[in-house]
Every structure is written in C-alpha cells, then in structure tokens.
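First to last, the protein sequences are chains A and B.
Each residue of the first sequence is one higher than the one before, starting from 1 at the first, in the numbering used here.
Each residue of the second sequence is one higher than the one before, starting from 233 at the first, in the numbering used here.
2 protein chains.
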Amino acid sequence: MDVKAFRKLTYGLYIVTSRSGDRRNGQIANTLFQVTSDPLRIVVSINKENLTHQLIYESGVFAVSVLDVDTPMTLIGTFGFKSGRDIDKFENISLKEGKTGCPVVQDHSLAFLEAKVTDRVDVGTHTLFIAEVVDAEVLREGEPMTYAYYHQVKGGKTPKKAATYLEEEKEKDRGKGGILGDRYECKVCGYVYDPVVGDSDAKVPAGTAFVDLPPDWVCPVCGASKDQFDKI
Amino acid sequence: MDVKAFRKLTYGLYIVTSRSGDRRNGQIANTLFQVTSDPLRIVVSINKENLTHQLIYESGVFAVSVLDVDTPMTLIGTFGFKSGRDIDKFENISLKEGKTGCPVVQDHSLAFLEAKVTDRVDVGTHTLFIAEVVDAEVLREGEPMTYAYYHQVKGGKTPKKAATYLEEEKEKDRGKGGILGDRYECKVCGYVYDPVVGDSDAKVPAGTAFVDLPPDWVCPVCGASKDQFDKI
C-alpha cells in the first residue's frame with residue numbers, strides 16, 4: 001500500500017462554521033461534497049475532537065465558505081491550526097449572520113452554503129454530517145483554492161486531526177531542504193518554512209534560504225518571529 | 233438560493249469499478265473523499281440506478297482510478313455517459329485485476345485505490361459507500377483531472393444521474409453560442425458542441441463554429457458523425 005496515492009485525490013478548501021446558543025466557531029475542512037441534487041444535500045467529515053464538531057452536533061446547522069485561491073496563510077492558520085477553545089477565531093473577520101444563525105465568513109470567500117443536518121454517520125475519529133442545503137449564494141467571481149495549491153504553492157501542511165492526514169507527511173517534514181538549506185518549524189503553530197517553496201504571502205520567492213529571510217519576517221500562519229523557529 | 237454556488241466546490245474525476253461474480257462494470261464519479269486517516273477510509277456517492285451501484289452493493293468491493301488532466305473525452309464518455317447494461321465499457325481498456333478482484337483501469341490513471349465497504353448510507357437517489365482502503369498505488373506522476381477543468385477546458389457536461397447535476401446546466405445548454413454560432417447537441421450521447429470551447433481532443437481551437445468543423449469531425453464522446461448533431 002502506497003499512501004502517496006491519496007495525494008492524487010482532489011479537494012477544495014472551505015471554512016465550516018456553526019453556532020450553538022451563544023457559542024460559535026469555525027474550522028478549515030477539505031472533505032466536503034454534494035451528495036444528491038434532489039434534494040440539494042452535502043456531506044462533510046469533521047473530527048470529533050473539534051469544537052466545531054460539538055456545535056454542529058448540538059445545533060444541527062452549519063455554514064460553508066468556499067475559499068479563493070488568494071486566501072492568505074494567516075486566515076487558513078487561524079481556522080485550521082488553532083482551537084476555538086483558546087481564541088476567538090472571528091476577531092477581525094468579516095461575517096454575516098446566515099438564515100440558520102451560523103456566522104458566515106465573507107473574507108476571501110467566493111460563495112457560501114448553509115445547511116441543516118439530516119443524518120449523522122459515526123466513522124470512528126470523525127462524524128459524517130449529511131445535510132440539506134437551505135441557502136446558497138455566490139459572493140464574487142474567482143478561482144477556488146484547491147488542496148493541491150495549498151500544499152504545492154503555499155507550502156501548507158495537514159493538521160493531525162484532519163481526515164486526510166497521512167503519516168508520510170511527518171516523514172517528509174523530517175527531510176532536509178537540500179542545497180537551499182534546512183527547513184525550519186514554527187514552535188508556536190507547527191508551520192514549516194521550506195526554502196523550496198518560499199512564502200508567497202510575504203512575497204518571498206521560492207529558493208530563499210531561511211537564514212536569508214529578512215529579520216522582520218514572521219510566521220505566515222501565527223505571526224511568530226524568526227527566533228521562534230527550530231531547524232528540523 | 234443560487235445553485236451556482238455549488239459550482240465553486242472542487243472535485244477530482246475518477247473511474248469507480250466493481251465486480252460481482254462474472255459481471256464487472258465501471259463509471260465516472262467525482263464525489264469521493266478520504267473520510268478518516270486511521271484506519272484509511274474513503275467515501276463515494278453512487279446513483280442507485282447505475283449498474284456499478286448494483287455490483288458494489290452485491291460484492292462490497294470497488295476500485296478507484298484517479299484520472300489525469302489529459303484524459304480524452306472518449307474515455308470519460310464511455311464511463312460517464314453510457315451504461316454497462318448496453319456495452320462492455322472495458323473493450324480496448326488496459327486493466328489489471330486488483331486484490332479485491334475488481335478490474336482496475338490503467339489508462340490515464342495517476343493512481344488507484346481498492347476498498348472494501350464497511351458501511352452503506354441511503355441518501356435517497358444515491359448510496360454513500362464508506363469503505364476501508366486495502367490497496368493503493370501510484371502509477372505515474374502528473375496532474376489530476378479536476379471537475380472544473382473538465383467543465384471549463386474540455387467542455388464536459390454533468391449526466392442527470394450524477395450527485396452534482398444541477399438544473400441550471402440544462403438551462404445553460406439551451407442558450408445560444410452568440411456571435412460564434414449555435415451550439416449543437418449529439419443525438420446519440422447528449423454531448424454539446426460549444427463554439428466558445430471548441431474540442432481540445434481533436435485540436436479544434438476555441439472560437440470554431442460548428443459549421444466550420446471539418447466533415448470528418450466526430451463526437452468526442454461517442455464517435456457519432458456531424459450529421460447526428462442537432463442545433464439547440
């Protein structure tokens with residue numbers, strides 16, 4: 001079995017949000033598809049440990065924002081690598097309240113869907129939420145962010161709790177950056193600076209060694225300074 | 233509700249095959265994702281009317297081939313717009329027999345997965361098959377075909393029985409080709425020649441009117457001749 005085969009599957013990148021009573025939260029998800037066209041239903045796989053899972057489970061509603069290809073790593077980092085139990089993810093985020101009462105993220109969103117859960121399937125570490133779509137809107141034209149683009153161009157990683165996390169990713173991160181120098185990992189959030197990739201958000205071209213990054217460069221995911229990085 | 237929002241969701245394009253006893257078949261699917269990483273499980277949505285659905289239902293096994301970006305419309309047409317009840321879809325297709333006994337399509341395939349069904353979820357017109365992956369292999373390097381590329385570059389359509397079929401697609405097909413001339417529909421398979429898109433498989437550039445296609449041009453999906461097309 002070669003788990004690299006899983007890397008050939010194609011995904012988009014979405015922010016899934018929910019609200020239960022006064023509590024609200026959101027998280028990055030890539031495992032989402034339309035499940036039937038009549039009625040219009042979608043399915044999403046969410047890790048049971050996540051706060052967003054708890055809120056969807058309690059309220060039976062969620063919203064999905066489709067991220068565009070220019071989404072910065074700071075936005076993905078906030079919703080993908082941090083927990084709503086520690087921070088308010090919606091600080092400085094442009095929101096509207098949807099029909100279901102869920103906060104709908106507008107930043108870098110091409111479109112959104114809102115849905116009511118009709119069925120829950122326990123699949124071990126995750127729950128599949130099958131849901132009827134009750135509202136949908138296109139916000140602007142543009143190219144959607146794909147999971148492949150996030151990995152290849154943005155240098156993004158997959159959190160351990162994601163449905164699509166693969167052990168080989170960990171191995172890859174232990175590798176060396178080759179003639180361009182070593183990779184460096186952020187001690188705060190786990191982001192890995194790879195000189196082969198650079199940092200497109202900060203206009204750092206591919207091929208830039210970590211030691212050649214400007215002194216005021218910060219982690220594109222969490223904003224930590226250079227001295228918070230360890231060579232890996 | 234604006235159903236065009238669903239067009240912003242990202243998918244790959246796959247051939248899903250199965251075998252039950254002596255019968256075998258395969259079909260195009262785009263609604264597939266990895267559902268957990270431990271154990272390695274995937275989920276796919278398949279229309280209940282399809283022969284492939286019947287075979288997966290009976291045998292509990294299926295294989296997935298990940299199509300590459302250069303996959304010709306003839307291959308997509310055979311597996312996406314024809315029924316295995318009428319033709320043998322595997323004629324002239326390069327196959328290997330997988331661990332599960334399923335025929336695994338090798339043509340234009342970057343990778344394949346084989347899986348055993350662990351759970352079935354009835355979602356109305358479709359069944360969600362949740363399955364543990366028992367084999368996976370990368371066949372070659374290359375870019376995967378995406379659903380967006382299939383629609384935008386190849387001029388592909390969505391069959392009515394697909395999970396992601398939307399009524400607006402039908403409306404769009406009724407439109408006119410504008411200053412480039414009318415669209416023409418194949419009476420045999422339903423493929424629509426759109427002069428805005430052309431036919432990349434036959435090296436017909438975008439902007440070519442139907443009347444200017446060479447006399448020996450044939451339907452890229454089913455091979456029907458020009459006189460089998462009706463203006464729409």
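Even for Gly, the Cβ is constructed at its ideal location relative to N, Cα and C.
Cross-chain neighbours of residue 376/B in chain A, by beta carbon under 9 angstroms: Locating residue 376/B in the second sequence gives position 144, where the first residue counts as 1. The answer, in chain order, is 8, 9, 10 and 148.
Backbone secondary structure at residue 7/A - three-state DSSP: Looking up residue 7/A in the first sequence gives position 7. Residue 7/A falls in the helix class under three-state DSSP.
Within 7 angstroms of chain B by C-beta, residues of the segment 68 to 102 of chain A in sequence order: none
Min CB distance residue 173/A to chain B below 9 angstroms: What you label residue 173/A is simply residue 173 of the first sequence in a count that begins at 1. Confidence at residue 173/A is low in this model, with a pLDDT of 46, below 50, so its placement is unreliable and the value that follows should be read with caution. For residue 173/A, the answer is no, since every Cβ of chain B falls outside 9 angstroms of its Cβ.
Interface partners of residue 165/A on chain B, CB under 8 angstroms: As a position in the first sequence, residue 165/A is number 165, starting the count at 1. Chain B residues near residue 165/A: 269.
Assigned exposure category for residue 8/A - 16 Cβ within 10 Å defines buried: Position 8 of the first sequence, counted from the start, is the residue given in the question as residue 8/A. Its Cβ being crowded by 16 or more others within 10 Å, residue 8/A is buried.
Counterpart residues of residue 96/A in DSSP-defined beta bridges: In the first sequence, the residue the question calls residue 96/A occupies position 96. According to DSSP, which records beta bridges pairwise, residue 96/A is partnered with 104/A.
Cutoff 9 angstroms: residue 20/A Cβ touching any chain B Cβ: Residue 20/A sits at position 20 when you count from the first residue of the first sequence. It does not: the Cβ of residue 20/A has no partner Cβ on chain B nearer than 9 angstroms.
Interface residues of the segment 359 to 370 of chain B facing chain A [CB-CB below 9 angstroms]: 360, 362, 365, 366, 367, 368, 369 and 370
As assigned by DSSP and simplified to three states, the class of residue 58/A: The sequence position of residue 58/A within the first sequence is 58, counting from 1. Looking at residue 58/A - three-state DSSP - the assignment turns out to be helix.
Own chain residues within Cβ distance below 6 angstroms of residue 417/B, not counting five before or after: Sequence index remark: in the second sequence, residue 417/B carries index 185 (1-based). Excluding residues within five positions, the ones whose Cβ falls inside 6 angstroms are 424, 462 and 464.
Where residue 121/A meets chain B, residues with beta-carbon distance less than 8 angstroms: In the first sequence, counting from the first residue as 1, residue 121/A sits at position 121. The answer, in chain order, is 351, 353, 360 and 362.
Residue(s) in a DSSP beta bridge with residue 130/A: What you label residue 130/A is simply residue 130 of the first sequence in a count that begins at 1. Per DSSP, 43/A and 119/A.
Secondary structure of residue 26/A, DSSP reduced to three states: Here residue 26/A is taken as the residue at index 26 of the first sequence, counted from 1. Here residue 26/A sits in strand by DSSP.
One or two residues paired with residue 235/A in a DSSP bridge: In the structure as shown, chain A starts at 1 and stops at 232, and residue 235/A therefore has no counterpart that could be examined.
Beta-carbon separation (whole angstroms), residue 63/A vs residue 98/A, contact threshold 8 angstroms: Working through the first sequence from its first residue, we reach residue 63/A at position 63. Working through the first sequence from its first residue, we reach residue 98/A at position 98. So it is a contact: roughly 5 angstroms between Cβ atoms.
Pair within 9 angstroms by beta-carbon distance, residue 328/B and residue 257/B: If you number the second sequence from 1, residue 328/B lands on position 96. If you number the second sequence from 1, residue 257/B lands on position 25. No, the pair does not count as a contact, with Cβ atoms beyond the cut-off.
Below-9 angstroms beta-carbon distance, residue 33/A vs any chain B residue: Here residue 33/A corresponds to residue number 33 of the first sequence, with the count starting at 1. Chain B, which has a Cβ nearer than 9 angstroms to the Cβ of residue 33/A, makes this yes.
CB contact flag (residue 39/A, residue 121/A, <9 angstroms): Taking the first sequence and counting its residues from 1, one reaches residue 39/A at position 39. Taking the first sequence and counting its residues from 1, one reaches residue 121/A at position 121. Against a cut-off of 9 angstroms, the Cβ pair of residue 121/A and residue 39/A comes out as no contact.
9 angstroms Cβ cutoff met for residue 380/B and residue 37/A: For the purposes of this step, residue 380/B is taken as residue 148 along the second sequence, with counting starting at 1. For the purposes of this step, residue 37/A is taken as residue 37 along the first sequence, with counting starting at 1. No, Cβ-Cβ distance for residue 380/B and residue 37/A is not below 9 angstroms.
The segment 206 to 215 of chain A in contact with the segment 344 to 352 of chain B per 3-pair CB rule at 8 angstroms: no
Simplified DSSP state of residue 147/A, which is helix, strand or coil: Sequence index remark: in the first sequence, residue 147/A carries index 147 (1-based). Helix, per DSSP.
Reference residue 51/A; option with closest CA among 16/A, 34/A and 108/A: Taking the first residue of the first sequence as 1, we reach residue 51/A at position 51. Nearest of 16/A, 34/A and 108/A to residue 51/A, Cα basis: 16/A.
Under 9 angstroms between C-beta atoms of residue 260/B and residue 311/B: Taking the first residue of the second sequence as 1, we reach residue 260/B at position 28. Taking the first residue of the second sequence as 1, we reach residue 311/B at position 79. Yes, the Cβ-Cβ distance between residue 260/B and residue 311/B is below 9 angstroms.
Residue 88/A (DSSP reduced to helix, strand or coil): Translated into the one-based positions of the first sequence, residue 88/A becomes position 88. Correct three-state label for residue 88/A: coil.
Partners in chain B for residue 2/A, counting only beta-carbon separations shorter than 7 angstroms: Indexing the first sequence from 1 puts residue 2/A at position 2. Chain B residues near residue 2/A: 368, 369 and 370.
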